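Undergrad: Sequences listed follow chains A and B, in order. Residues in the first sequence are numbered consecutively from 1, following UniProt numbering. Residues in the second sequence are numbered consecutively from 1, following UniProt numbering. Just so you know, even glycine gets a beta-carbon here, dropped at the ideal spot from N, CA and C. Everything numeric in this text was worked out from a predicted model, so none of it was measured. Sharing a structure here in structure tokens format.
Protein chains: 2
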Amino acid sequence: MVSRENPRPGGRSARVQAAVHQAVREMLARMERADVTIPLIAQRANVTPSTIYRRWGDLQELLADVAASRLQPETEPLKTGSARMDLQAWAEQYADEMSSGAGRQMIRDILAVSDTANAEKCSGYTQQQLRVIVARAEEQGEAFPTLTELMDFVISPIMYRILFDQVPNSDYIHGLISRVMPKGAPSPETAEATVDVSGA
Amino acid sequence: MVSRENPRPGGRSARVQAAVHQAVREMLARMERADVTIPLIAQRANVTPSTIYRRWGDLQELLADVAASRLQPETEPLKTGSARMDLQAWAEQYADEMSSGAGRQMIRDILAVSDTANAEKCSGYTQQQLRVIVARAEEQGEAFPTLTELMDFVISPIMYRILFDQVPNSDYIHGLISRVMPKGAPSPETAEATVDVSGA
Numbered sequence: 001m002v003s004r005e006n007p008r009p010g011g012r013s014a015r016v017q018a019a020v021h022q023a024v025r026e027m028l029a030r031m032e033r034a035d036v037t038i039p040l041i042a043q044r045a046n047v048t049p050s051t052i053y054r055r056w057g058d059l060q061e062l063l064a065d066v067a068a069s070r071l072q073p074e075t076e077p078l079k080t081g082s083a084r085m086d087l088q089a090w091a092e093q094y095a096d097e098m099s100s101g102a103g104r105q106m107i108r109d110i111l112a113v114s115d116t117a118n119a120e121k122c123s124g125y126t127q128q129q130l131r132v133i134v135a136r137a138e139e140q141g142e143a144f145p146t147l148t149e150l151m152d153f154v155i156s157p158i159m160y161r162i163l164f165d166q167v168p169n170s171d172y173i174h175g176l177i178s179r180v181m182p183k184g185a186p187s188p189e190t191a192e193a194t195v196d197v198s199g200a
Numbered sequence: 001m002v003s004r005e006n007p008r009p010g011g012r013s014a015r016v017q018a019a020v021h022q023a024v025r026e027m028l029a030r031m032e033r034a035d036v037t038i039p040l041i042a043q044r045a046n047v048t049p050s051t052i053y054r055r056w057g058d059l060q061e062l063l064a065d066v067a068a069s070r071l072q073p074e075t076e077p078l079k080t081g082s083a084r085m086d087l088q089a090w091a092e093q094y095a096d097e098m099s100s101g102a103g104r105q106m107i108r109d110i111l112a113v114s115d116t117a118n119a120e121k122c123s124g125y126t127q128q129q130l131r132v133i134v135a136r137a138e139e140q141g142e143a144f145p146t147l148t149e150l151m152d153f154v155i156s157p158i159m160y161r162i163l164f165d166q167v168p169n170s171d172y173i174h175g176l177i178s179r180v181m182p183k184g185a186p187s188p189e190t191a192e193a194t195v196d197v198s199g200a
């Protein structure tokens, strides 16, 4: 589907996508979800309903696409001078956002469609953020887990608990991170001291 | 809701639940999902629609309840004589079932409702099965991970990949298990040899 191909910025396709996404976001903020329909979205976005059907197939696919776009990160993870502390802060924020009402609804929208493209996009955004932190660790010479280890042993347990169990708190996240750190990595206390010394 | 309370077996409440669940399962096997409605379910189950609305609230809640019930394990994990091998076999089967079309649809139904009771029930069934394997390890004197470690570092990454990424294969699952095993636990090869020797 065109909508996933990141249309040429400024082109007609990109403008239609932006208008439709914007209309959906505004309507979801103001209306009951069950009242949001493709004809109403089309009216608000000033496109024809058939444009939406042709491009997204159905309402559920459109909602999944909008949800995935909302999960696209706008900024890089906070930089503290210690990759481990960056990871802790970022993972706590991730857990907060994903377990919020809006976050859960986005996850539900993404998983509601049988096509997994939007789910993979969502996981891709997470990996993109973690890659930044892994690269910082490397630059700073910090022993650090790989991206795959972070996905499997920090992100996956957080997401599982959000979906199927109790929402994880920061102590739990701290425990996951401690466990996945390679031997010889600085403890958070050491890392904190390093930040103070370097003034970074 | 009564439906979650495991009604007294043989009572009217249990009979209504069984009839409604049965009707839903049969209809889902034969009809398009979008055509399944509460009035049709009521007709097939020989109850009034208001019985269903009173008990489950709406169709989505009923589908989530049916999906969670289908995930209830019918048998204990296969017993090989080695808890590690039991875990490997069980986890592979879990990944197969959850990533199948029917499994994904059940997960979607469970996560589609904002109420998390059915999601927790589903995680509860998984923990129940793993507890059996952990108890076997203890009886057999095998060094073994805790239930929490299994949930966080084996089940969670499997489920994350099924939902957001590529379906995990048995090598990947093997890698997760190797990593979560405590130091001094027998390797799969040793474990296998033990089985042969003991003849269990």
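What residues in the region 80-109 of chain A bring their beta carbon closer than 9 Å to a beta carbon of chain B?
TA: Within the region 80-109 of chain A, the residues whose Cβ lies closer than 9 Å to some Cβ of chain B are 101, 104, 105, 107 and 108, listed in chain order.
Undergrad: What in chain C is Cβ-close to residue 165 of chain A, meaning under 7 Å?
TA: Looking at the structure shown, chain C is missing, and the protein chains on hand are A and B.
Undergrad: With three or more C-beta pairs closer than 8 Å as the rule, is the region 134-149 of chain B touching the region 92-101 of chain A?
TA: In short, these stretches do not touch, since the Cβ pair count stays below three.
Undergrad: Inspect the CB distances between the region 97-116 of chain B and the region 144-155 of chain B and report whether three or more fall short of 8 Å.
TA: With the cut-off at 8 Å, the region 97-116 of chain B and the region 144-155 of chain B do not touch.
Undergrad: Alpha carbon to alpha carbon, how far is residue 49 of chain A from residue 38 of chain A? Give it in angstroms, no decimals.
TA: Looking at the two C-alpha atoms, the distance is approximately 6 Å.
Undergrad: What residue from A:61, A:74 and A:135 has the CA that sits closest to residue 116 of chain A's CA?
TA: Nearest of A:61, A:74 and A:135 to residue 116 of chain A, Cα basis: A:61.
Undergrad: Please list, in chain order, the chain A residues whose beta carbon lies closer than 9 Å to that of residue 159 of chain B.
TA: Within 9 Å Cβ-Cβ: 156, 159, 160, 163 and 164.
Undergrad: Sorted by chain position, which residues of the same chain lie with C-beta nearer than 6 Å to residue 45 of chain A's C-beta, five sequence neighbours on each side aside?
TA: Once the five neighbours on either side are set aside, the close Cβ partners of residue 45 of chain A are 19, 20 and 23.
Undergrad: Any Cβ of chain A within less than 7 Å of the Cβ of residue 40 of chain B?
TA: Closer than 7 Å: no.
Undergrad: Taking the beta carbon of residue 159 of chain B as the centre, do at least 16 other beta carbons fall within 10 Å, making it buried, or is it exposed?
TA: So residue 159 of chain B counts as buried.
Undergrad: Taking Cβ-Cβ distances shorter than 9 Å, what residues in chain A pair up with residue 144 of chain B?
TA: Within chain A, no residue comes near residue 144 of chain B; the closest Cβ sits about 17 Å away, beyond 9 Å.
Undergrad: Residue 141 of chain B by DSSP, collapsed to three states: which one?
TA: In this structure, residue 141 of chain B counts as coil in the three-state DSSP scheme.
Undergrad: Per the contact definition of three or more C-beta pairs closer than 8 Å, is the region 108-128 of chain B in contact with the region 122-133 of chain A?
TA: No, the region 122-133 of chain A is not in contact with the region 108-128 of chain B.
Undergrad: Can you confirm whether residue 111 of chain A, when its beta carbon is compared against all beta carbons of chain B, has any partner nearer than 7 Å?
TA: It does: the Cβ of residue 111 of chain A has a partner Cβ on chain B nearer than 7 Å.
Undergrad: Examine chain B for any beta-carbon lying closer than 7 Å to the beta-carbon of residue 152 of chain A, and answer yes or no.
TA: Answer yes: the Cβ-Cβ gap between residue 152 of chain A and chain B drops below 7 Å somewhere.
Undergrad: Could you check if residue 121 of chain A is buried or exposed, using at least 16 other CB atoms within 10 Å of its CB as the buried criterion?
TA: Residue 121 of chain A comes out buried.
Undergrad: Determine whether the beta carbon atoms of residue 42 of chain B and residue 118 of chain B lie at a separation below 7 Å.
TA: Taking 7 Å as the Cβ cut-off, residue 42 of chain B and residue 118 of chain B do not qualify as a contacting pair.
Undergrad: Would you kindly report the start and end of the unbroken alpha helix (DSSP H) that includes residue 182 of chain B?
TA: Unbroken run through residue 182 of chain B: none, as it is neither H nor E.
Undergrad: The alpha helix (DSSP H) spanning residue 99 of chain A covers which residue range?
TA: Unbroken alpha helix (DSSP H) run through residue 99 of chain A: 83-99.
Undergrad: Apart from the five residues just before and just after residue 143 of chain A, which ones in its own chain have a Cβ nearer than 6 Å to its Cβ?
TA: Hits under 6 Å: 182, 184 and 185.
Undergrad: Mind checking which residues open and close the alpha helix (DSSP H) that includes residue 43 of chain A?
TA: Segment 38-45, the alpha helix (DSSP H) holding residue 43 of chain A.
Undergrad: Is the region 79-91 of chain A in contact with the region 160-177 of chain A, if contact means three or more CB pairs nearer than 8 Å?
TA: They touch, by the three-pair rule.
Undergrad: Do the CB positions of residue 98 of chain A and residue 162 of chain A come within less than 7 Å of each other?
TA: Contact flag set, yes.
Undergrad: List, in chain order, every chain A residue whose beta-carbon is nearer than 8 Å to that of residue 176 of chain B.
TA: Simply 152.
Undergrad: Have a look at B:164, B:16 and B:150 and flag the residue whose alpha-carbon is nearest the alpha-carbon of residue 84 of chain B.
TA: Nearest of B:164, B:16 and B:150 to residue 84 of chain B, Cα basis: B:150.
Undergrad: Using the beta-carbon count (16 or more within 10 Å), is residue 145 of chain A buried or exposed?
TA: So residue 145 of chain A counts as buried.
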